[in-house]
Structures are given as structure tokens and as C-alpha cells.
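Notes follow once the structure below has been shown.
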Amino acid sequence: MRKLLPYILAFISFSVHAQSIDRYFERIRNNDAELVAFLSQMPKGGDLHNHYSGSVYAETYISYVVAQDYFINKNTLEVVKAPPKTGYEDWARFSDLAKIKKLDTYKQLLMQKWSVKDYNGVSYPSDKQFFETFAAFGIANETQGRLDTGILELKNRAKAEHISYIETMFIGIRSKIPDLNDHIILNQLEHDQSIHDEANTTVLLNELYKYFIDNKASAYAAEHNEQIAQMHSRLHIDDESFTMRYMNYVSRAGDPVTIFKNMVLSFESADKSSLVVGVNIVAPEDGEVSMRDYWLHMQMFRYLHSKYPDVKYSMHAGELTLGLVKPEELTWHINEAVRVAGASRIGHGVDMAYERKPYELLQYMADNKVAIEINLYSNEFILKVKGDDHPFKLYKDFKVPIVISSDDAGILRSNMIHQFELLARRYKYVSYQDIKHYVYNSIDYSFIKEDAVKKKLKAQLDTDFRKFEKEVEVVYGE
Ligand SMILES: [Zn+2]
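Shown next as C-alpha cells:
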């Protein structure tokens, strides 16, 4: 008994402690300011659904193009290094705008174009407003120097928000693999897709795979990994309280051969680096090509899984809702991503309630520990899905592992505190202990490859939560 006493006392003290913070959380959850003050200090673990370029704030991009004194089109707000030969009168250098005291006006206009700032919800489709920003600010993201600044911005903001880990979808892989220009293969792929012929598709993917590997896909992937490794160490990204890892991503808009080439490069890279921990597929899921080729993209993941069984991938799937696409298209994307493509995590999963046999699918995800990345504000802004329209409760009831993430905090002018605030405010059945559980999930379901790093991050969460809960108790203890 004497031996057990310290444990019993520790348990009692823990229980009292836990109850007190649980009660406090319930007391403040309906007051936004009190809730934000609480959540801003709470340890948040990792952000597993984070797009690098969409997470940098527009102010950063704008100050860069202004400092470079690029040209802006006064009508379309397009920014370029050098204007076209014709229509020169539409363009102005930022320095010329400053001389006539118009620079601030154009900076504000750019903010509205490169993010959702001041968006009124009706003058333009919200999904277009969101997705079109990427191409618009692309000019501000072109050099390694820019990537350095952006990555440091993400890290510093994360640390300020008590986020200890980010798994960011970083940059695409460049290669000089010659275009195949093989219309026969393209036509065959499209034909096999139209009749869902798995066997023939596999034969074609095999041929393509061989072509890309023969044309130095591994060398291009190695170059990419080297670039990331150099940046990661040059900027001292990992430190005692923060860790970052990178995901390759492939755009789902494009011809299938190019998409498959980018997938092969991405898998090659993620297979060979401890810093590049996975692969994702991005771009609007409701786009014409994304919808038409969705089945084929899932076959590509299935195929590459057989080549690279250790490479993890998460997939934007079910970022759809009624009205956005035909109803029958809402029934199969998550199903396919989970059961055919073998995704380890699903991003968004908003159409879950409409999926074919949703209970079986949810049970499958729970049984196979396929985590769901919940992006509440992104779903509200882009899809107009919030509150009980969101399938959050289905995921929770079926015990699908949940992680809370930000998606594109820069464009959405949001942050991780905001995601947790929406969670706590909208879903009153989510307790403080649930939230804490989701925070731990964000490390457990991360794709970090090194066990020691995962262990360190979890130990850090233990320490940080103890400190946080003590602080709350000191201020508001009962
Ligand atoms: Zn996303």
C-alpha cells in the first residue's frame, strides 16, 4: 500500500486538476473572448493539413513584389516582372504608384485579390475567390529567398500559437523529363477509365512508370530532397519546441500522364527522405478534370502504393457538397480514396453523409485508423458548410481519429486558434478532454518517420499541457 500511495495521490491530484479545467472550459465556452484567451494558450500539437503557399499572409507577398518594384496591371491587378509590349498604358511600376500616392490603394486592392479580406460573400463565388488567389500571388513565391521567408513566417506564427509541429504541403517537384506526347496511351487511359478497367490501367501505368524512372525521375526527386534538406538546416527550422516536415503535392488538374509523372516524382522523393514524409493531391475537387479523372487518380495511388509501400499519403477527398456537383458524385470520393487508393488520412471529408453506405465507410475508417483532417473555417468559406451541416459529429460518433487543421490560414485570414474556437463554440458536445485528444492525435497521426521525433513531440505535449492546465487553475481555480 505504501508503495502505491504516491501513485494514488498523483491520480487524485490529476483528477481534481482535470475536473477543474473541464469545468472552467464549460463555463467559458460561450464567451468568445474568454474562449480565445484560453485556446490561444492551449498547446495545439500539429497542423497536419497546411498548404505552404496558402498559409503565408498576403501582406508578405505584397511587400515582396513592391520591394522588387514589379509592374501591376491597373485594371486586372495582375503583377508581373515586365509588362507585355502592347497595352503598356495599363501597367504601372509600384514605385510610380508611390510617387502619385496611389500605392496604398493598390496594396489594399491586392490584399482583396490575394486573400479573402473584405470579401462580402456575394459579389463573386467564394470558391473562385479562394482558389484564384494561388495563381495570382504565384509571382511572389518564385525564388528560394521567398520560400525561406515564408517558411520562417509559418514557423514563427506556429510557435506563437503554441503549435509544435507542421506538416506542410510545400512545393511541387520540377523535372526535365521529356513530355511523352503519346496520344495512344492518353486515349487508352481515358478509355480504360470510362469502363473502370483496373487491369488494363495497371498495364499502362506500368509502362509510364518505367518511362519516368528511365528518364531520371529518381535524380530529380533527389535534387528536390536536397533543396529541402539544405533549406531546413540553413534556417534551423527544427528547434527545442518546434518541428516541421514536408509533403509533396500533385495538382489533380491536368492531363493524366503529367499527373502520374508528378506522382512518381513525389513518391520517389517521399520514399527517400526523412524530411519529406508524404504525398497529397490538391486543386479544386469539383473541377472538370478532377471530377472526370478521379477514378484514374485513385488507381494511380493504388499502383504507386504497390511500388512504394512505405510512403504515406493523405488525400483531399469529399471536399464537395450538394449543389456543387451532381448528387451521384457525392457518393464515392471518400470511399474510393480510402478503400481503393489506400489513403492514410482524408482531408476535409465534407460529403461523408452523402457517401455510399456512410456507416460502413465511417466504421472502416475507424477500424483502419484512417484519420480525418477537419478544416472548419475553410469548409465554411469555400463550401458554405458549417454547424450541423458538417459531418463532424458522424466522425466523432464513429470514433474516426480526428485532427483539427488550418488548410490555408493566410488566404482565409485565419489561424489554428480560430479552428479550435469554431470547434468549441459550434459543437457543445466536444469536451476539453476531446479537444486534448485531437491535439494528441495530431502527433499520433502525423507522417513523421522518426520514432524519436514523435516521442519527443508527445513528451513535449505532456509537459506543455501540465503547465497550461496549472496556469489556468492558478488564475481561475475553484
Ligand atoms: Zn487543403
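If you're matching positions, the sequence shown starts at 172 in the working numbering and goes up one per residue.
Backbone N, C-alpha and C fix where the C-beta goes; we use that ideal spot for every residue, glycine too.
Asked, Found
"Evaluate the contact criterion for the region 352-364 versus the region 325-332: three or more CB pairs, one atom per stretch, below 8 angstroms.", "no"
"Should SER576 and GLU544 be called a contact, given that it needs their Cβ atoms to be closer than 8 angstroms?", "yes"
"When the Cα atoms are used, what is the spatial distance from ILE344 to LYS256?", "32 angstroms"
"Quick one: what's got a C-beta closer than 8 angstroms to PHE182's C-beta in the same chain, skipping five residues either side?", "Because PHE182 sits at a pLDDT of 47, beneath the cut-off of 50, its placement in the model cannot be relied upon, and the point is left open."
"Check GLY518 in the structure and name its three-state DSSP category.", "strand"
"Please determine if the region 492-500 and the region 436-453 are in contact, where contact requires at least 3 C-beta pairs separated by less than 8 angstroms.", "no"
"Residues in its own chain within less than 6 angstroms of LEU351 by CB, not counting five upstream and five downstream?", "VAL428"
"Which partner residues does PHE265 have in the DSSP bridge list?", "None, per the DSSP bridge assignment."
"Does at least one heavy atom of ligand 1 sit under 7 angstroms from the Cβ of ASP522?", "no"
"Taking all protein chains shown into account, do 16 or more other C-beta atoms lie within 10 angstroms of the C-beta of GLY217, making it buried, or fewer, making it exposed?", "buried"
"Taking only runs that begin and end inside the region 594-640, name each unbroken alpha helix (DSSP H) of 4 or more residues, in chain order.", "603-615"
"Going by other Cβ atoms of all chains shown within 10 Å of its Cβ, with 16 needed for buried, is THR320 buried or exposed?", "buried"
"In whole angstroms, what separates the C-alpha of ALA595 from that of TYR223?", "26 angstroms"
"Specify, as a first and last residue, the run of the beta strand (DSSP E) that LEU219 falls within.", "216-222"
"Please check the pair SER191 and GLU644, which I expect to be a contact at CB under 8 angstroms, by giving their CB distance rounded to whole angstroms.", "6 angstroms"
"Could you say which of PHE305, LEU268, LYS478 lies nearest to SER226 if we only look at CA atoms?", "PHE305"
"Can you tell me the Cα-Cα spacing of PHE185 and LEU583, whole angstroms?", "Confidence in PHE185 is poor, its pLDDT being 48 and thus under 50, which makes the residue's placement unreliable; the coordinate value appears in the next sentence. Spanning the two alpha carbons is a distance of roughly 38 angstroms."
"Report whether the distance from the Cβ of GLY343 to the nearest heavy atom of ligand 1 is below 7 angstroms.", "no"
"Comparing the CB of HIS561 with every heavy atom of ligand 1, is any distance shorter than 7 angstroms?", "no"
"Using the C-alpha atoms, what's the distance from LYS299 back to GLY650?", "The chain is shown only over 172 to 649; residue 650 falls outside these bounds and no answer can be derived."
"Answer yes if the region 287-298 comes into contact with the region 246-264, meaning at least three C-beta pairs across the two stretches below 8 angstroms, and no otherwise.", "no"
"Measure from the alpha carbon of LEU628 to the alpha carbon of each residue in GLU361, ILE614, ASN246, then state which is nearest.", "ILE614"
"So, using beta-carbon positions, are PRO214 and VAL610 closer together than 8 angstroms?", "yes"
"Leaving out five residues on either side along the sequence, give the residues of the same chain with a beta carbon under 7 angstroms from the beta carbon of THR414.", "SER335, TYR336, VAL624, LEU628"
"For the beta strand (DSSP E) containing MET650, list its first residue and its last residue.", "Only positions 172 to 649 of the chain appear in the structure, and residue 650 is not among them; the question remains open."
"Helix, strand or coil: how does DSSP classify VAL643 here?", "helix"
"Going along the chain, which residues of its own chain have a beta-carbon closer than 7 angstroms to the beta-carbon of PHE563, five neighbours each way excluded?", "ILE545, TYR598"
"Note the first and the last residue of the continuous alpha helix (DSSP H) segment covering SER477.", "465-478"
"With a threshold of 6 angstroms on Cβ separation, who are the neighbours of LYS278 within its own chain once the five nearest residues in sequence on each side are excluded?", "ILE233"
"DSSP state of ARG194, grouped into three classes?", "helix"
"What do you reckon, are the CB atoms on TYR484 and ALA514 nearer than 8 angstroms?", "yes"
"In this structure, does DSSP put SER445 in helix, strand or coil?", "coil"
"Compute the distance between the beta-carbons of GLU456 and HIS403, then report whether it is under 8 angstroms.", "no"
"Can you tell which of HIS519, MET469, LYS443, ARG510 has the C-alpha that lies nearest to the C-alpha of VAL482?", "LYS443"
"Who's in the neighbourhood of ligand 1, going by beta-carbon under 6 angstroms from any heavy atom, listed in chain order?", "HIS220, HIS222, HIS487, GLY518, ASP578"
"Got a sec, what are the start and stop residues for the beta strand (DSSP E) HIS487 sits in?", "483-488"
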